[in-house]
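*Asks:* In order, the protein sequences belong to chains A and B. Note that this note's numbering has the first sequence beginning at 477, numbered continuously upward. Note that this note's numbering has the second sequence beginning at 134, numbered continuously upward. Structure provided below as structure tokens; questions to follow.
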Amino acid sequence: MKLALRELVRKPGRFVTATVILTLIAVLLMFLGGLLDGLLRLSTGAIRAQSADAIVYSESSQSSFLRSRIEADDRAAIEAADGVDEVGGLGVVLLGARVPGNGPRDLANVAVWGYELPPTGVPEPPAPGEAYADELLQADGVEVGQELLIGPARTPITVVGWVTDTAYNGSGGLWADLDTWREALAQNRPDAVLADDVVQALVISGPGDPAEVVAAADAANEGTYALTVDDAISAIPGVDEQSGTFNQILGVTVVIALVVIALFFALLTVERTALYGVLKAIGARSRTIFGGLVVQAAAVTLIASAIAGVLVVVLDLLIPPGSIPLYVSVGRIVLSVVLLLIAAVIGSAFSLRRVLRVDPASALGN
Amino acid sequence: MTQPALQMSDVRKVYSMADNEVVALDHATLTVGADEIIALVGPSGSGKTTLCSIAGGILSATEGSIAVGGEEITDYGDKELTTFRQNKVGFVFQSVNLVPFLNARENLLVVDELGRREGKPARDRADRLLDELGLADRAKNLPSQLSGGQKQRVAIGRALMNEPELVLFDEPTSALDTELGQQVMELIRSEMKSRGTAAIVVTHDERITSYCDRTVHITDGVLNAD
Numbered sequence: 477m478k479l480a481l482r483e484l485v486r487k488p489g490r491f492v493t494a495t496v497i498l499t500l501i502a503v504l505l506m507f508l509g510g511l512l513d514g515l516l517r518l519s520t521g522a523i524r525a526q527s528a529d530a531i532v533y534s535e536s537s538q539s540s541f542l543r544s545r546i547e548a549d550d551r552a553a554i555e556a557a558d559g560v561d562e563v564g565g566l567g568v569v570l571l572g573a574r575v576p577g578n579g580p581r582d583l584a585n586v587a588v589w590g591y592e593l594p595p596t597g598v599p600e601p602p603a604p605g606e607a608y609a610d611e612l613l614q615a616d617g618v619e620v621g622q623e624l625l626i627g628p629a630r631t632p633i634t635v636v637g638w639v640t641d642t643a644y645n646g647s648g649g650l651w652a653d654l655d656t657w658r659e660a661l662a663q664n665r666p667d668a669v670l671a672d673d674v675v676q677a678l679v680i681s682g683p684g685d686p687a688e689v690v691a692a693a694d695a696a697n698e699g700t701y702a703l704t705v706d707d708a709i710s711a712i713p714g715v716d717e718q719s720g721t722f723n724q725i726l727g728v729t730v731v732i733a734l735v736v737i738a739l740f741f742a743l744l745t746v747e748r749t750a751l752y753g754v755l756k757a758i759g760a761r762s763r764t765i766f767g768g769l770v771v772q773a774a775a776v777t778l779i780a781s782a783i784a785g786v787l788v789v790v791l792d793l794l795i796p797p798g799s800i801p802l803y804v805s806v807g808r809i810v811l812s813v814v815l816l817l818i819a820a821v822i823g824s825a826f827s828l829r830r831v832l833r834v835d836p837a838s839a840l841g842n
Numbered sequence: 134m135t136q137p138a139l140q141m142s143d144v145r146k147v148y149s150m151a152d153n154e155v156v157a158l159d160h161a162t163l164t165v166g167a168d169e170i171i172a173l174v175g176p177s178g179s180g181k182t183t184l185c186s187i188a189g190g191i192l193s194a195t196e197g198s199i200a201v202g203g204e205e206i207t208d209y210g211d212k213e214l215t216t217f218r219q220n221k222v223g224f225v226f227q228s229v230n231l232v233p234f235l236n237a238r239e240n241l242l243v244v245d246e247l248g249r250r251e252g253k254p255a256r257d258r259a260d261r262l263l264d265e266l267g268l269a270d271r272a273k274n275l276p277s278q279l280s281g282g283q284k285q286r287v288a289i290g291r292a293l294m295n296e297p298e299l300v301l302f303d304e305p306t307s308a309l310d311t312e313l314g315q316q317v318m319e320l321i322r323s324e325m326k327s328r329g330t331a332a333i334v335v336t337h338d339e340r341i342t343s344y345c346d347r348t349v350h351i352t353d354g355v356l357n358a359d
């Protein structure tokens, strides 16, 4: 291992090509991963933030809030269910908001939520006509204390504070009480008006695990069904497709990294056949030589990943907020590094057979 | 009584090639004393390298028995032969073959790194060897910064690092001019004799046999002692 690391330090030029290529691949991997995370945050933040165990939709809703209707008797049945402790109404309407100081056509996309049980990081519902705004809306010039005019009916909602990571469907969340949401819905979407005791969905919690809470709610009422929060996230249109597509691209990128490492170290092994023959003749075991290769592959990958990590963080700082949905996180960078390290080990393993085949006898007579 | 450094008895090495069998070593019997230096002389393809490879535990014999420093290695598998090479034999290769990115001292220490891992005693031994070989001031130099003779001396130091029973020199002067070749042979003789270490010097240059205690000729895999 010392031998392998010394070669890296003393002959860095030999590894520059592989390091540069792997750095570019690592940047691509981290950047694409950041885009996926950013898109998912924009699409799912409001649901991920729910601290409840499950969400209840009406039977024919296809897990869409806008199609879902929970009547008072449905709610009563679920509230009475064994295994359900807490029930809160939930509703949303997606609209454009006029922001003071912005042009008349420069609308901010908002998701006006009405809630009873506060999601994680969101305070108790504010007074009627007020809302907590998602920090995402800062990119649209929204400020605390401003009165936003929501939708074509210009329903006024005053921003009273900020919340984080609660976007939905690409729109920044405005978290209001049920009456404020219902009013915004009625004034701007007359086709979707709901009675005072009707909500789009219920968030529920219970003493058991989420699956047990879902089962309890499903057993209590026939006209509704419940999904765990994770399932509700998957049910958001496009989320699974988006994740699937991006993950396939990320997978291909990792495979490309693996191929690059495999080819580079296969070439290096061919180049070093004579040296390996000498080392074997003086007592090196194949596993020692192969271990050195793996250490070099891992070291090159770590160096490339470190450079790529810095580049992606700098890129994130340079990109204007709100221009592209890039979300750079430590978790994503660590995951990318782990994937690349796995690719490095597997890639370098392609040279194992060649290392095993190096004959120490080749050192003599040459 | 001191064990011979090498005792080969009736050793055969046969290579199978398609339908043919090629006999590389034919019933070779050779004993090398504990501090004896033997010149193994023969033309290309005569079996010199095969004999050295078998004596050094790189190849296994098809028939016969081999003992190095009293250790019977005839039936050793790959792992045991690797351990044997780490501990009992030293090699000096034809084209020197130092590790290009290691300095002279590290090229000696690589033997310890790959084998016994003694640490400080190995480092002390490497320094002593470099000093004895007149390379103390070249310890930090890379092979590319050394002359041909200095490289050869580093290779000799590497071969002596594991305090071997037997050192195998594969054409040690073939890449050197006559004067340097003679200096290297003098060095080999003095180093081997001062340590009481046996050596086989493979060569097809009859001029260097005078530095050896005995010359053994090999032709078509058959040994003929002078």
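Virtual Cβ for every residue (Gly too), placed ideally from N, Cα, C.
Tell me, please, which residues DSSP counts as bridged to B/H350.
*Replies:* On the second sequence, position 217 is the one that residue 350 of chain B refers to. DSSP output for B/H350 lists B/V174 and B/N357 as bridge partner(s).
*Asks:* Between the beta-carbon of A/V639 and the beta-carbon of A/G572, is there less than 8 angstroms?
*Replies:* Counting from 1 along the first sequence, the entry for residue 639 of chain A is found at position 163. Counting from 1 along the first sequence, the entry for residue 572 of chain A is found at position 96. Taking 8 angstroms as the Cβ cut-off, A/V639 and A/G572 do not qualify as a contacting pair.
*Asks:* Give the DSSP-derived three-state secondary structure of B/M150 in the structure shown.
*Replies:* Looking up residue 150 of chain B in the second sequence gives position 17. Note: B/M150 maps to strand in three-state DSSP.
*Asks:* Can you tell me the Cα-Cα spacing of B/D245 and B/N230, whole angstroms?
*Replies:* Within the second sequence, residue 245 of chain B is the residue found at index 112, counting from 1. Within the second sequence, residue 230 of chain B is the residue found at index 97, counting from 1. Roughly 17 angstroms between the two C-alpha positions.
*Asks:* If you measure between the beta carbons of A/L726 and A/L505, is that distance less than 8 angstroms?
*Replies:* Here residue 726 of chain A is taken as the residue at index 250 of the first sequence, counted from 1. Here residue 505 of chain A is taken as the residue at index 29 of the first sequence, counted from 1. Yes, Cβ-Cβ distance for A/L726 and A/L505 is below 8 angstroms.
*Asks:* Name the chain A residues whose beta carbon is nearer than 7 angstroms to that of B/V243?
*Replies:* By 1-based counting over the second sequence, the position of residue 243 of chain B is 110. The answer, in chain order, is L479.
*Asks:* What residues of chain A sit near B/N274, judged by a beta carbon separation below 7 angstroms?
*Replies:* For the purposes of this step, residue 274 of chain B is taken as residue 141 along the second sequence, with counting starting at 1. None at all; the shortest Cβ gap to chain A is about 13 angstroms.
*Asks:* Note down the Cα distance separating B/L275 from B/P233, rounded to an integer number of angstroms.
*Replies:* Within the second sequence, the letter at position 142 stands for residue 275 of chain B. Within the second sequence, the letter at position 100 stands for residue 233 of chain B. Near 7 angstroms, if we compare the C-alpha coordinates of B/P233 and B/L275.
*Asks:* Just to confirm, is the Cβ distance from A/R545 to A/S527 under 8 angstroms?
*Replies:* Here the question's residue 545 of chain A lines up with position 69 in the first sequence. Here the question's residue 527 of chain A lines up with position 51 in the first sequence. The answer is no: Cβ separation not under 8 angstroms.
*Asks:* Any idea if A/T686 is buried or exposed, counting beta-carbon neighbours within 10 angstroms, 16 or more meaning buried?
*Replies:* Mapped onto the first sequence, residue 686 of chain A falls at position 210. Inspection of the sequence shows that residue 686 of chain A is occupied by Pro rather than by Thr. With 16 or more other Cβ atoms within 10 Å, it is buried.
*Asks:* Quick one: what's got a C-beta closer than 6 angstroms to A/A757's C-beta in the same chain, skipping five residues either side?
*Replies:* Reading the first sequence from its first residue, position 281 is the one you call residue 757 of chain A. The answer, listed in chain order, is P836 and A839.
*Asks:* Starting from A/R486, find everything on chain B with Cβ-Cβ shorter than 7 angstroms and list it in chain order.
*Replies:* Within the first sequence, residue 486 of chain A is the residue found at index 10, counting from 1. The answer, in chain order, is F234.
*Asks:* Can you grab the Cα-Cα spacing for the pair A/R763 / A/L828, in whole Å?
*Replies:* For the purposes of this step, residue 763 of chain A is identified with residue 287 of the first sequence, where counting begins at 1. For the purposes of this step, residue 828 of chain A is identified with residue 352 of the first sequence, where counting begins at 1. A/R763 and A/L828: Cα-Cα distance of roughly 9 angstroms.
*Asks:* Are the region 561–570 of chain A and the region 648–662 of chain A touching by the rule of at least three beta carbon pairs closer than 8 angstroms?
*Replies:* The region 561–570 of chain A is in contact with the region 648–662 of chain A.
*Asks:* Would you call the CB atoms of B/D114 and B/V225 closer than 8 angstroms?
*Replies:* Nothing about residue 114 of chain B can be read from this structure; chain B reaches only from 134 to 359.
*Asks:* Taking only three categories from DSSP, how would you classify A/Q614?
*Replies:* Here residue 614 of chain A corresponds to residue number 138 of the first sequence, with the count starting at 1. A/Q614 falls in the helix class under three-state DSSP.
*Asks:* Quick one, which residues of the region 177–199 of chain B are near chain A if we go by CB-CB under 7 angstroms, in chain order?
*Replies:* For the region 177–199 of chain B, which is checked against every Cβ of chain A, the residues closer than 7 angstroms are T182, C185, S186, I191 and L192.
*Asks:* Between B/I351, B/E296, B/T348 and B/V300, which lies nearest to B/A188 when the distance is taken from Cα to Cα?
*Replies:* Here residue 188 of chain B refers to the residue found at position 55 of the second sequence. Ranking B/I351, B/E296, B/T348 and B/V300 by Cα distance to B/A188 puts B/V300 first.
*Asks:* What residue range does the alpha helix (DSSP H) around B/D303 cover?
*Replies:* For the purposes of this step, residue 303 of chain B is taken as residue 170 along the second sequence, with counting starting at 1. From DSSP, B/D303 is part of no alpha helix (DSSP H) but of the beta strand (DSSP E) over L299 to D303.
*Asks:* Which value, in whole angstroms, describes the spacing of the CA atoms of A/S812 and A/A819?
*Replies:* Here residue 812 of chain A corresponds to residue number 336 of the first sequence, with the count starting at 1. Here residue 819 of chain A corresponds to residue number 343 of the first sequence, with the count starting at 1. C-alpha separation (whole angstroms): 10 angstroms.
*Asks:* Under the three-state reduction of DSSP, which class applies to A/L791: helix, strand or coil?
*Replies:* Start at 1 with the first residue of the first sequence, and residue 791 of chain A comes out as number 315. It is helical.
*Asks:* From which residue to which residue does the beta strand (DSSP E) around A/Y591 run?
*Replies:* Locating residue 591 of chain A in the first sequence gives position 115, counting from the first residue. Element bounds for A/Y591: L583 to Y591.
*Asks:* Consult DSSP for A/E698 and reduce its assignment to one of helix, strand or coil.
*Replies:* As a first step, residue 698 of chain A must be located in the first sequence, where it is residue number 222. The answer is coil: DSSP assigns A/E698 none of H, G, I, E or B.
*Asks:* Can you pull out the residues from the region 303–328 of chain B whose beta carbon lies closer than 9 angstroms to at least one beta carbon of chain A?
*Replies:* Hits within the stretch, in order: D303 and E304.
*Asks:* I think B/E287 touches B/L293, with their Cβ atoms under 8 angstroms apart; what is that distance to the nearest whole Å?
*Replies:* Reading the second sequence from its first residue, position 154 is the one you call residue 287 of chain B. Reading the second sequence from its first residue, position 160 is the one you call residue 293 of chain B. As written in the sequence, residue 287 of chain B is Val, which differs from the Glu given in the question. At roughly 11 angstroms, the Cβ-Cβ gap does not stay under 8 angstroms, so B/V287 and B/L293 are not in contact.
*Asks:* With A/A846 and A/V588 assumed to form a contact (beta carbons below 8 angstroms), what rounded beta-carbon distance in angstroms separates them?
*Replies:* What the structure shows of chain A is the stretch from 477 to 842, and residue 846 of chain A is not part of that stretch, so it cannot be assessed.
*Asks:* Determine the direct distance from the alpha carbon of A/T634 to that of A/G621, and round the result to whole angstroms.
*Replies:* Within the first sequence, the letter at position 145 stands for residue 621 of chain A. Within the first sequence, the letter at position 158 stands for residue 634 of chain A. Computed Cα separation, rounded: 6 angstroms.
*Asks:* Could you give the distance in angstroms between the alpha-carbon of A/L703 and the alpha-carbon of A/V776?
*Replies:* Locating residue 703 of chain A in the first sequence gives position 227, where the first residue counts as 1. Locating residue 776 of chain A in the first sequence gives position 300, where the first residue counts as 1. Distance between the alpha carbons of A/L703 and A/V776: 45 angstroms.
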